[in-house]
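S.K.:
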Ligand code: GLY
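Given below as structure tokens:
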């Protein structure tokens, strides 16, 4: 809303996406963020836009459609960021192939392809010969599910592009750590930082795995860190760039490297790396591209995904405390959902209507009793 001031807690890809979307609609926005934090999810991410490839959980109605919409929104935004900021977000649009390395995987992946085709989405089953001729360096596979519209981008470049564009439309950065919400009666008044009170009409909590650390939230936030470790190996010579899932993980090319991910570990805020995880990631690389078996590990890192109990984010207003908004808990899909999250928050805040049916992401789904707000779904 023009005339209102919003403070966003968190300067990762979600925070800047929200800031950009709000400021574009005329809202005054400040992002409170102390600067790079070890273990932060954005720079540690692979950058997958695996809307269909990672759509394992079909129990939640509408989630696949939201992910597909998020992919489209991100691709459109990526192109416009290059125009407005000159930043190239490193889009890789060659599709994603998920290799079936045994009979069970073949059955599951064939069913996923059939299901997505029934929904009108593009997905193909490639047989063993087609897989070998497309990616000759891969291990012998029974076939692969191929999603031509999935892809990846460089998450650090996306964050830089969103930030540059947000600053272009007036978003300010306050390099402080937010400590606590400031609440008077039943209305949020801002956030307390190390430097004092930052007043606001609304606060958007977008601090990733650290979101639940903000003090004076109305109730414990169901967001916990989920460590993901990754390694980088040299991309195999003479192999075309390709994004490949298999053996419980994935490989993607970035510059001259193959990034291999990723563990899912519930170890609190520990963002260190471990030899066991490195061995596990090497086994994934070897199982998908055997020539990587002896490749030297160039880098090994970890990031903390903000995970909710159902793996889906919290996007929208607090059901009881006026002026508190959530844009957090994106789990494995932070990069894919970042731009759409900004659009949902900005539209809800401005018009009360989301641009999509984001009911699956309602923040009150874990504490429905006592809800006061009915969040419109668009
Ligand atoms: N979306 C990939 C991951 O979280 O590892």
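Numbering (my numbering), first residue to last: 1 to 378.
All C-beta atoms in this analysis are idealised placements derived from N, C-alpha and C, irrespective of residue type, glycine included.
Look at residue 46 and residue 252 and say whether their C-beta atoms are less than 8 Å apart.
M.R.: To locate residue 46, count along the chain shown from 1; it is residue 46. To locate residue 252, count along the chain shown from 1; it is residue 252. Yes, the pair counts as a contact, with Cβ atoms nearer than the cut-off.
S.K.: Below 8 Å between beta carbons: does that hold for residue 70 and residue 50?
M.R.: Walking along the chain shown from the start, residue 70 turns up at place 70. Walking along the chain shown from the start, residue 50 turns up at place 50. For residue 70 and residue 50, no; Cβs fall outside 8 Å.
S.K.: In whole angstroms, what is the alpha-carbon distance linking residue 153 and residue 8?
M.R.: Numbered from 1 along the chain shown, position 153 holds the residue referred to as residue 153. Numbered from 1 along the chain shown, position 8 holds the residue referred to as residue 8. Using only the alpha carbons, I get a separation of about 24 Å.
S.K.: If you reduce the DSSP assignment to three classes, tell me which class residue 322 lands in.
M.R.: Taking the first residue of the chain shown as 1, we reach residue 322 at position 322. Residue 322 falls in the strand class under three-state DSSP.
S.K.: Beta-carbon of residue 177 versus every beta-carbon of chain B: anything under 8 Å?
M.R.: Among the chains in the structure shown there is no chain B, since it carries only a single protein chain.
S.K.: Can you find the residues in the same chain that come closer than 6 Å, C-beta to C-beta, to residue 180, ignoring five residues on each side of it along the sequence?
M.R.: By one-based count along the chain shown, residue 180 stands at place 180. Contacts found: 192, 215 and 216.
S.K.: CB residue 85 to CB residue 33, shorter than 8 Å?
M.R.: Indexing the chain shown from 1 puts residue 85 at position 85. Indexing the chain shown from 1 puts residue 33 at position 33. In this structure, residue 33 does not lie closer than 8 Å to residue 85 by Cβ.
S.K.: Would you mind sorting residue 141 into buried or exposed? The rule is 16 or more other CB atoms within 10 Å of its CB.
M.R.: In the chain shown, residue 141 corresponds to position 141, counting from 1. Label assigned to residue 141: buried.
S.K.: State yes or no: is the C-beta of residue 295 nearer than 7 Å to some heavy atom of the ligand GLY?
M.R.: Locating residue 295 in the chain shown gives position 295, counting from the first residue. False, no ligand heavy atom lies under 7 Å from that Cβ.
S.K.: Please classify residue 140: does DSSP put it in a helix, a strand, or coil?
M.R.: Here residue 140 corresponds to residue number 140 of the chain shown, with the count starting at 1. Coil, per DSSP.
S.K.: Residue 165 lies in the alpha helix (DSSP H); which residues open and close that run?
M.R.: Locating residue 165 in the chain shown gives position 165, counting from the first residue. First-last of the alpha helix (DSSP H) with residue 165: 155-168.
S.K.: In whole angstroms, give me the CA-to-CA distance for residue 262 and residue 112.
M.R.: Counting from one through the chain shown, the residue named residue 262 turns up at place 262. Counting from one through the chain shown, the residue named residue 112 turns up at place 112. Approximately 22 Å, taken between the alpha carbons.
S.K.: Between the Cα of residue 106 and the Cα atoms of 182, 235, 67 and 146, which residue gives the shortest distance?
M.R.: Taking the first residue of the chain shown as position 1, residue 106 is located at position 106. Of 182, 235, 67 and 146, the residue nearest in Cα terms is 146.
S.K.: Contact check, residue 25 vs residue 346 under 8 Å by CB: the rounded distance?
M.R.: Residue mapping note: residue 25 aligns to position 25 of the chain shown, counting from 1. Residue mapping note: residue 346 aligns to position 346 of the chain shown, counting from 1. About 5 Å separates the two Cβ atoms, so the contact holds.
S.K.: Following a CB-centred definition, is residue 48 positioned closer than 7 Å to any heavy atom of the ligand GLY?
M.R.: Along the chain shown, one-based indexing puts residue 48 at 48. It does: the Cβ of residue 48 is within 7 Å (strictly closer) of some heavy atom of the ligand GLY.
S.K.: Which runs of the alpha helix (DSSP H), 4 residues or longer, sit entirely within the region 71-122?
M.R.: Segments of the alpha helix (DSSP H) lying fully in the region 71-122: 103-118.
S.K.: Within 10 Å of its beta-carbon, does residue 353 have 16 or more other beta-carbons around it, so buried, or fewer, so exposed?
M.R.: In the chain shown, the residue the question calls residue 353 occupies position 353. Residue 353 comes out exposed.
S.K.: Tell me whether the beta-carbon of residue 23 lies closer than 8 Å to the beta-carbon of residue 170.
M.R.: One-based indexing of the chain shown puts residue 23 at position 23. One-based indexing of the chain shown puts residue 170 at position 170. Contact flag set, yes.
S.K.: Go ahead and pull the three-state DSSP assignment for residue 317.
M.R.: On the chain shown, residue 317 is found 317 positions in, with the first residue counted as 1. Strand, per DSSP.
S.K.: Please identify the residue among 265, 195 and 312 whose C-alpha is closest to the C-alpha of residue 229.
M.R.: Along the chain shown, read from residue 1 onward, the residue named residue 229 stands at position 229. Ranking the options by Cα distance to residue 229, first place goes to 265.
S.K.: Is any non-hydrogen atom of the ligand GLY found closer than 7 Å to the C-beta of residue 261, if you look at the structure I gave you?
M.R.: Reading the chain shown from its first residue, position 261 is the one you call residue 261. Result yes, Cβ under 7 Å from the ligand GLY.
S.K.: Tell me the DSSP secondary structure of residue 342 in three-state form.
M.R.: Taking the chain shown and counting its residues from 1, the one referred to as residue 342 is at position 342. Helix.
S.K.: Got a sec, what are the start and stop residues for the beta strand (DSSP E) residue 32 sits in?
M.R.: What you label residue 32 is simply residue 32 of the chain shown in a count that begins at 1. Per DSSP, residue 32 belongs to the beta strand (DSSP E) from 28-32.
S.K.: Assuming residue 41 contacts residue 12 (C-beta within less than 8 Å), just tell me the rounded distance between them.
M.R.: Locating residue 41 in the chain shown gives position 41, counting from the first residue. Locating residue 12 in the chain shown gives position 12, counting from the first residue. Yes, residue 41 and residue 12 are in contact; Cβ-Cβ is about 6 Å, under 8 Å.
S.K.: Taking the alpha helix (DSSP H) that residue 132 falls in, what are its first and last residues?
M.R.: As a first step, residue 132 must be located in the chain shown, where it is residue number 132. Start and end: 128-134.
S.K.: Rounded to whole angstroms, what is the Cα-Cα separation between residue 370 and residue 202?
M.R.: As a working note, residue 370 is residue 370 in the chain shown. As a working note, residue 202 is residue 202 in the chain shown. Since pLDDT at residue 370 reaches only 46, below the 50 mark, its modelled position is unreliable, and no value is offered.
S.K.: Since I believe residue 28 is in contact with residue 91 (beta carbons under 8 Å), could you give me their beta-carbon distance rounded to a whole number of angstroms?
M.R.: Here the question's residue 91 lines up with position 91 in the chain shown. Here the question's residue 28 lines up with position 28 in the chain shown. Incorrect: roughly 31 Å between the Cβ atoms, too far for contact.
S.K.: Going by alpha carbons, who is nearest to residue 341 out of 55, 130 and 66?
M.R.: Position 341 of the chain shown, counted from the first residue, corresponds to residue 341. Nearest option by C-alpha distance: 66.
S.K.: Restricting to runs no shorter than 4 residues, where is the alpha helix (DSSP H) found entirely within the region 190-229?
M.R.: Here no run is fully enclosed.
S.K.: In the structure shown, what three-state DSSP assignment does residue 300 receive?
M.R.: Residue 300 sits at position 300 when you count from the first residue of the chain shown. The answer is strand: DSSP assigns residue 300 an E or B state.
S.K.: Which residue's Cα is closest to the Cα of residue 95: 110, 122 and 312?
M.R.: Sequence index remark: in the chain shown, residue 95 carries index 95 (1-based). Of 110, 122 and 312, the residue nearest in Cα terms is 122.
S.K.: Is residue 172 near the ligand MG, judged by its Cβ being under 7 Å from some heavy atom?
M.R.: Among the ligands modelled here, namely the ligand GLY, the ligand MG does not occur.
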